[in-house]
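Numbering (my numbering), first residue to last: 225 to 338.
Dropping the structure here:
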């Protein structure tokens, strides 16, 4: 399975969409989505742009395997995009001092370990 195929499946499932729902949202056939996901067909640049816009990701994210650091960053960004609670936490923390952030991490870790 290509990186593109795996990424498309990941993005579609993260949105809770079936292949049929994604195809309808994009104006593509369900079979085209299925072939992209199985690697039997590669998308044209216009379809890549459509997918990029729909999932709010860079086209390179769709076609290029991430480095370890980039992969971690992309995973964090995807979480921020898909979870309102994480966006709220990020907004609260973005103007915090480093000490405030470390204290918040300690509190979250304590809650997690309970």
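Here a beta-carbon is modelled for each residue, glycine too, at the ideal position from N, C-alpha and C.
Residue 238 and residue 280 closer than 7 angstroms at C-beta: Working through the chain shown from its first residue, we reach residue 238 at position 14. Working through the chain shown from its first residue, we reach residue 280 at position 56. Not in contact: residue 238 and residue 280 (Cβ atoms no closer than 7 angstroms).
What would DSSP say about residue 303, mapped onto helix, strand or coil? As a working mapping, residue 303 is identified with position 79 in the chain shown. Residue state, collapsed to three classes: helix.
DSSP state of residue 263, grouped into three classes? Along the chain shown, read from residue 1 onward, the residue named residue 263 stands at position 39. Coil, per DSSP.
Own chain, CB closer than 7 angstroms to residue 283, minus 5 neighbours either side, in chain order: Translated into the one-based positions of the chain shown, residue 283 becomes position 59. The residues are 272, 273, 276.
Excluding sequence positions up to five away, which residues of its chain have a Cβ less than 6 angstroms from the Cβ of residue 232? Start at 1 with the first residue of the chain shown, and residue 232 comes out as number 8. Excluding residues within five positions, the ones whose Cβ falls inside 6 angstroms are 260, 261.
Could you tell me which of 227, 235, 228 sits nearest to residue 303, measuring between CA atoms? Your numbering for residue 303 matches position 79 in the chain shown. Closest by alpha carbon: 235.
Considering only residues of the same chain and omitting the five flanking positions on each side of residue 300, which have a CB-CB separation below 8 angstroms? Along the chain shown, one-based indexing puts residue 300 at 76. Answer for residue 300: no residue qualifies.
Does DSSP put residue 326 in a helix, in a strand, or in coil? For this step, residue 326 is matched to residue 102 along the chain shown. Helix, per DSSP.
Contained alpha helix (DSSP H) runs [length at least 4] in the stretch 227-292, N- to C-terminal order: As summarised for the stretch 227-292, the continuous alpha helix (DSSP H) elements at least 4 residues long and confined to that stretch are 227-238, 243-250, 254-262, 269-279, 283-287, given in chain order.
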